[in-house]
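Input: a single structure, listed below in structure tokens.
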Amino acid sequence: MSTHIENTPEQANVLEQAMLDIPDPAAEELLEAYRWMLLARRLDERMWQLIRQGKGHFAVPCQGHEAVGTGYALALRRGHDYIAPHYRDLAAVLAYGITAHDALASFFARDADPNSRGRQPYAHWGSQKLHIISLQGPQPNHVTHGVGVAYAAKLLREGSVTLMAYGDGGAQKGEVHEAMNFAAIHGLPCIFCCENNLYTQSVPLALESSVTNIAARAAAYGLPGVSVDGMDTLAVYRAMAAAAERARRGDGGGTSAARRRLQPRRSARLPLPTEYLERRRHALSLARRS
Ligand SMILES: Cc1ncc(C[n+]2csc(CCOP(=O)(O)OP(=O)(O)O)c2C)c(N)n1
Ligand SMILES: [Mg+2]
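If you want our numbering, it's the position in the sequence shown, counting the first as 1, plus 1.
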């Protein structure tokens with residue numbers, strides 16, 4: 002149990018120190034990681050094309066988030082550790098066993114979609130078999146669910162770690178506070194990974210949060226927190242591997258990491274060109290009537 006942790010600067014610095022001792026992944030692993038990132042980017046580009054051709058209805062770009070998902074997937078034992086991914090973590094779910102075919106089946110809402118058989122919108126990842134905790138529409142509910150899975154893993158002495166990823170907008174929600182507090186009280190084997198792209202849809206971080214370094218909040222719960230460059234796969238890998246090691250050792254308190262990326266990008270629902278025209282016609286007809 003990790004109650005009553007002192008919030009000292011040393012405590013906050015624990016992860017930063019531990020990261021220094023994490024060795025680089027083997028060359029084959031790095032090559033595999035590059036494949037996940039490239040495949041995610043190519044799929045993403047294709048989906049945007051399909052949307053613009055009017056052949057898809059809902060795209061969630063992962064561009065700029067590939068290095069984060071890849072970094073944390075590299076640090077975990079895939080198939081054993083659980084992930085509750087952010088909706089932009091295509092690279093992570095590819096690493097976890099979702100195939101390009103599966104992702105496109107989800108994009109086209111087909112029965113072959115292993116996430117929800119086409120019943121949830123694209124990017125609502127989830128697979129019991131692959132240890133991917135199902136994503137819900139309301140953000141970021143999956144964070145509390147992830148903590149529940151970590152609690153169960155602890156009770157069952159399963160030895161697994163659960164990683165929850167969410168955006169900087171999601172980080173402002175009560176769920177994250179509740180999840181971090183509960184995880185810290187019970188010393189749960191879990192990692193909080195905030196993918197800070199500096200925007201919540203069109204709202205800049207400054208209007209969502211009074212602090213820019215989201216990782217600094219970990220200290221309020223007695224958890225170590227570190228902020229790394231989310232465009233740097235190896236930096237993310239080291240932070241996550243250090244966090245996972247602590248969690249596995251039962252060092253308690255869970256762990257927390259936040260990251261930023263360099264290219265903020267708008268999210269994600271583009272009306273079809275025909276919808277645009279329809280809306281324009283409608284707006285014009287209203288204007289004419291008034
Ligand atoms: C409770 C709730 N409110 C609003 C939304 C609509 N919504 C979907 S994604 C999103 C933006 C989330 O921003 P952030 O967490 O920073 O993630 P990003 O898209 O930037 O990666 C919003 C507001 C939602 N899904 N759930
Ligand atoms: Mg964001």
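For glycine and all other residues, C-beta sits at the position ideal for the given N, C-alpha and C.
Note that the structure is predicted; figures quoted are calculated from it, not measured.
Residues near E17 in its chain [Cβ-Cβ closer than 6 angstroms; skip 5 each side]: Indexing the sequence shown from 1 puts residue 17 at position 16. Cβ-Cβ distances below 6 angstroms link E17 to V227 in the same chain, with the five nearest sequence neighbours on each side left out; the list follows chain order.
beta-carbon Q121 near ligand 1 non-hydrogen atom, thresh 7 angstroms: Taking the first residue of the sequence shown as 1, we reach residue 121 at position 120. Answer for Q121: no, Cβ out of range of ligand 1.
Residue(s) in a DSSP beta bridge with M165: Translated into positions along the sequence shown, residue 165 becomes position 164. For M165, which the question treats as bridged, DSSP gives the partners A85, F193.
Alpha-carbon to alpha-carbon, A154 and V61: For the purposes of this step, residue 61 is taken as residue 60 along the sequence shown, with counting starting at 1. For the purposes of this step, residue 154 is taken as residue 153 along the sequence shown, with counting starting at 1. So the alpha carbons of these two residues sit roughly 31 angstroms apart.
Cα-Cα separation between R78 and V162, rounded to whole angstroms: Indexing the sequence shown from 1 puts residue 78 at position 77. Indexing the sequence shown from 1 puts residue 162 at position 161. Rounded to whole angstroms, R78 to V162 spans 9 angstroms at the Cα level.
With 16 other Cβ atoms within 10 Å as the buried cut-off, status of R261: Reading the sequence shown from its first residue, position 260 is the one you call residue 261. Because R261 carries a pLDDT of 49, less than 50, the predicted location of this residue cannot be relied on, and the following value inherits that uncertainty. By the neighbour-count rule (16 or more Cβ atoms within 10 Å), R261 is buried.
E209 versus T145: straight-line alpha-carbon distance, rounded: Here the question's residue 209 lines up with position 208 in the sequence shown. Here the question's residue 145 lines up with position 144 in the sequence shown. Near 21 angstroms, if we compare the C-alpha coordinates of T145 and E209.
Pocket of ligand 2 defined by Cβ to heavy atom distance under 6 angstroms: G168, D169, G170, N198, Y200, T201
S107, DSSP secondary structure in three states: Working through the sequence shown from its first residue, we reach residue 107 at position 106. Here S107 sits in helix by DSSP.
Which of helix, strand or coil DSSP assigns to T145: Counted from its first residue, the sequence shown places residue 145 at position 144. Note: T145 maps to helix in three-state DSSP.
Opening and closing residue of the alpha helix (DSSP H) in which V69 lies: On the sequence shown, position 68 is the one that residue 69 refers to. DSSP places V69 in the uninterrupted alpha helix (DSSP H) bounded by 67–76.
CB-CB length for A242 against P190, believed under 8 angstroms: In the sequence shown, the residue the question calls residue 242 occupies position 241. In the sequence shown, the residue the question calls residue 190 occupies position 189. At roughly 14 angstroms, the Cβ-Cβ gap does not stay under 8 angstroms, so A242 and P190 are not in contact.
Chain D within 8 angstroms of A113, Cβ atoms only: Absent from the structure: chain D. Only one protein chain is present.
Bounding residues of the beta strand (DSSP E) (the contiguous stretch that carries D230): Here residue 230 refers to the residue found at position 229 of the sequence shown. 226–230 is the extent of the beta strand (DSSP E) around D230.
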